Amino acid sequence: MMTAEESGATDAMKTLQREAQAWVVRLGSQQANEDDAQAFRRWCARSRDHAQAFVQAREVWQAMAPAAQRVRQQELREAARRRPMPGRRAFLGGAVAASVAYLAVSPPLALWPSVTEWGTDYRTGTGEQREVAMGDGVVLQMNTQTRINLRRNAATEGDGIELVSGEAEVLAGGAASSRVTVMAGGGVVSAVRARFNIRHLDGEVCVTCLAGQLEVAQGAQQARLDAGRQLRYGPAGLGVVTGVDTGPVIAWRRRQLVFDQVPLSDVVAEVNRYRHGRLILTSEALGRSRVQASFSIDRLDDVAFLVRDVYGAELTQLPGGIVLLGAASA
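Per our numbering, the sequence shown runs over residues 7 to 336.
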């Protein structure tokens with residue numbers, strides 16, 4: 007016979023599993039917002055069991071997707087013959103398939119790769135870097151999690167490179183008459199002989215001229231960049247051209263990440279681009295801490311322990327490379 011204590015533990019586990027399933031559905035509903043993301047982080051941070059329950063629930067829903075889709079297709083075929091209203095089973099099958107499909111296309115908190123990455127001409131995975139010789143003296147050095155397509159540039163009536171997302175260093179060293187164009191975020195960067203770094207993340211593009219001269223255009227706005235100058239642009243238009251220390255910008259080419267008084271939240275976001283799994287900050291105050299450090303891309307698992315040792319953070323390691331970083335308990 008089950009004791010009262012065992013029964014209570016079983017009920018608590020069932021409640022945790024239901025909550026985890028609800029989070030899977032909510033994050034896959036296409037209606038989740040930043041408040042939901044913050045609430046999810048707090049829920050995961052409550053205990054190791056909470057985060058593990060979510061990982062297990064997500065895996066179950068992913069495994070259900072093929073079967074749910076088959077049920078949905080079968081019901082639709084039968085409905086086409088009989089023309090009745092679809093039953094609850096068909097609705098459930100469609101809902102499960104749709105939710106899992108959305109989780110595959112738009113994974114919450116970027117915890118796993120998106121299927122939209124599969125259709126690009128060139129791509130790199132997490133932590134991967136790749137060199138691509140485009141011909142005519144143009145060479146691309148692709149950083150981690152980068153997607154690139156080859157596109158027809160209507161403005162120049164020639165072939166261009168589209169940086170869909172990620173980061174790349176571009177070397178344009180061909181003939182004097184050969185112009186390279188890189189499209190990203192609604193703008194175009196062009197050069198004849200130059201070397202530059204271009205980064206397209208979260209709707210913002212950052213262009214850094216490393217050698218030669220660049221022309222940057224977004225709509226009717228235009229700017230020119232010389233070596234050692236940087237420009238950012240996004241939905242609000244072109245920013246201001248500024249001077250920049252190019253060392254930290256291209257440190258990734260040496261497989262290093264360099265941070266100079268950067269908020270820890272930004273450091274974590276950058277590290278997550280190179281690292282399998284996910285570092286999750288559960289304390290906003292901790293995220294505001296300033297970091298001055300350099301890390302080897304090949305040893306980014308050390309970052310979590312550094313945050314624990316330097317900032318006194320509480321570290322919780324979970325399956326799948328997920329690490330929660332929170333304020334230390336009083």
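Cβ atoms here follow ideal geometry from the backbone N, Cα and C, with glycine treated the same way.
Just so it is clear, the structure is predicted and the values come from calculations on it, not from any experiment.
Quick check on DSSP: helix, strand or coil for Arg281?
Correct three-state label for Arg281: coil.
When you compare only the Cα positions, how much space is there between Ala334 and Arg48?
15 Å
Taking the straight line between their C-alpha atoms, what separation do you get for Phe265 and Thr187?
Taking the straight line from one Cα to the other gives about 30 Å.
Where Asn149 and Asp55 are concerned, what is the direct C-alpha to C-alpha distance, given to the nearest angstrom?
35 Å
Beta carbon of Glu221 nearer than 7 Å to that of Ser196
yes
When the cut-off is 7 Å and only beta carbons count, does Gln135 lie next to chain E?
Protein chain content of the structure displayed is limited to a single chain, and chain E is not contained in it.
Going straight from the alpha carbon of Arg235 to that of Arg205, what length do you get?
14 Å
What's the C-alpha gap between Arg136 and Glu276?
If I take the Cα positions, the gap works out to 18 Å.
Please name the residue or residues paired with Pro269 in a DSSP beta bridge.
Arg296
What does the Cβ neighbour count give for Leu189, buried or exposed, with the cut at 16 atoms within 10 Å?
The sequence given here places Met at residue 189; Leu does not occur at that position. With 16 or more Cβ atoms within 10 Å of its Cβ, Met189 is classed as buried.
In the DSSP assignment, the beta strand (DSSP E) including Val213 goes from what residue to what residue?
First-last of the beta strand (DSSP E) with Val213: 210-224.
Tell me the rounded alpha-carbon separation between Ala43 and Gly141.
43 Å
Quick one: using the 10 Å Cβ neighbour count with 16 as the cut-off for buried, is Val329 buried or exposed?
buried
Measure from the alpha carbon of Ile154 to the alpha carbon of each residue in Thr130, Asp251, Val144, then state which is nearest.
Nearest of Thr130, Asp251, Val144 to Ile154, Cα basis: Thr130.
Leaving out five residues before and five after Met91 in sequence, what residues of the same chain have Cβ atoms less than 7 Å from its Cβ?
Because Met91 sits at a pLDDT of 49, beneath the cut-off of 50, its placement in the model cannot be relied upon, and the point is left open.
Boundaries (first-last residue) of the beta strand (DSSP E) holding Ala310:
No beta strand (DSSP E) contains Ala310, which is instead part of the alpha helix (DSSP H) from 308-317.
Can you check whether the CB of Phe301 is closer than 7 Å to the CB of Leu263?
Taking 7 Å as the Cβ cut-off, Leu263 and Phe301 qualify as a contacting pair.
Residue closest to Gln227, alpha-carbon to alpha-carbon, out of Gln58, Gly245, Arg52, Thr214
Gly245
What does the alpha-carbon distance come out to for the pair Asp232 and Trp29?
Taking the straight line joining both Cα atoms gives about 49 Å.
Enclosing beta strand (DSSP E) for Val4 [first to last residue]
Nothing about residue 4 can be reported from this structure: the residues present for the chain run from 7 to 336 only.
Whole-angstrom distance between Cys50 and Val31, CA atom to CA atom
15 Å
Three-way DSSP call (helix, strand, coil) for Arg201 in this model
strand
Would you identify the three-state DSSP class for Pro325, choosing helix, strand or coil?
helix
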